[in-house]
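Position one of the sequence shown corresponds to residue 6 (this note's numbering), numbered consecutively onward. Glycine included, every Cβ here is placed at the ideal spot set by N, Cα and C. Worksheet for the structure shown next.
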Amino acid sequence: MAYTILPVEYSDKSEYPNHSYLKRQRILVFQRTKGRCEICDGFAVETHHIDEDKSNHELDNLLAVCKRCHGSLHHGARPRRDGNARGMTSKTKRTFGYTATEIADMIGCSTTWLYSKIRAGDEEEIKNLIQSSKTLA
Ligand SMILES: [Zn+2]
Ligand SMILES: [Zn+2]
């Protein structure tokens, strides 16, 4: 089923450089999460720049967030639930040497599936999948 709810439009006077590119990227991020906030699973309406660099619109750097979680990301409060996807992103890089998106591309899974595997502690399985995708290449 196609994702039909379009993200909130921002005005042209955006704080973000290269704004039309961000708009396209944002749609992809919302598709990736099926419109869900990646922190609390609520209804995502905004994207957060993980590295806080507002010109870095790479998919890996964008997190689909609801208003509330986005607020907590910027005001230092803890998000509503564990499994903070922000921590998850640096964790995948540390643990596997690749970002979640790179791994998803390599082994042909979604990042959501990947995160759920990591949360479940199945890191060995992911390492094996990465290894075998390299062997095939
Ligand atoms: Zn949220
Ligand atoms: Zn943000």
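Span separating the alpha-carbon of residue i from that of residue j
{"i": "Lys132", "j": "Asp65", "result": "19 Å"}
{"i": "Lys139", "j": "Asp56", "result": "28 Å"}
{"i": "His79", "j": "Gly113", "result": "32 Å"}
{"i": "Thr97", "j": "Ala109", "result": "11 Å"}
{"i": "Leu67", "j": "Ser77", "result": "16 Å"}
{"i": "Ile135", "j": "Lys59", "result": "31 Å"}
{"i": "Arg41", "j": "Glu128", "result": "24 Å"}
Where residue i falls: helix, strand or coil (DSSP)
{"i": "Ala69", "result": "strand"}
{"i": "Glu51", "result": "strand"}
{"i": "Cys74", "result": "helix"}
{"i": "Tyr103", "result": "coil"}
{"i": "Tyr120", "result": "helix"}
{"i": "Asp56", "result": "coil"}
{"i": "Asn23", "result": "coil"}
{"i": "Ala109", "result": "helix"}
{"i": "Asn61", "result": "coil"}
{"i": "Ser115", "result": "coil"}
Own chain, CB closer than 8 Å to residue i, minus 5 neighbours either side, in chain order
{"i": "Asn23", "result": "Ser60, His62"}
{"i": "Thr117", "result": "Arg37, Thr38"}
{"i": "Tyr103", "result": "Thr97, Met111, Ile135"}
{"i": "Ala221", "result": "Residue 221 cannot be examined here, being either before or after the span of the chain that is shown, 6 to 142."}
{"i": "His48", "result": "The displayed chain sequence assigns Phe, not His, to residue 48. Excluding positions up to five away in sequence, the list reads Gly40, Arg41, Cys42, Cys71."}
Chain-order list of residues whose beta-carbon lies under 7 Å from that of residue i (same chain, five-residue window excluded)
{"i": "Phe101", "result": "Ile108, Ile131, Lys132, Ile135"}
{"i": "Tyr21", "result": "Leu27, Lys59"}
{"i": "Val34", "result": "Thr52, Leu64, Leu67, Ala69"}
{"i": "Lys122", "result": "Glu130, Ile131"}
heavy atom of ligand 2 below 7 Å from residue i C-beta
{"i": "Leu33", "result": "no"}
{"i": "His54", "result": "yes"}
DSSP bridge partner residues for residue i (one or two, in chain order)
{"i": "Arg41", "result": "Phe48"}
Any non-hydrogen atom of ligand 1 within 7 Å of residue i CB
{"i": "Arg124", "result": "no"}
{"i": "Cys114", "result": "no"}
{"i": "Arg99", "result": "no"}
{"i": "Arg73", "result": "yes"}
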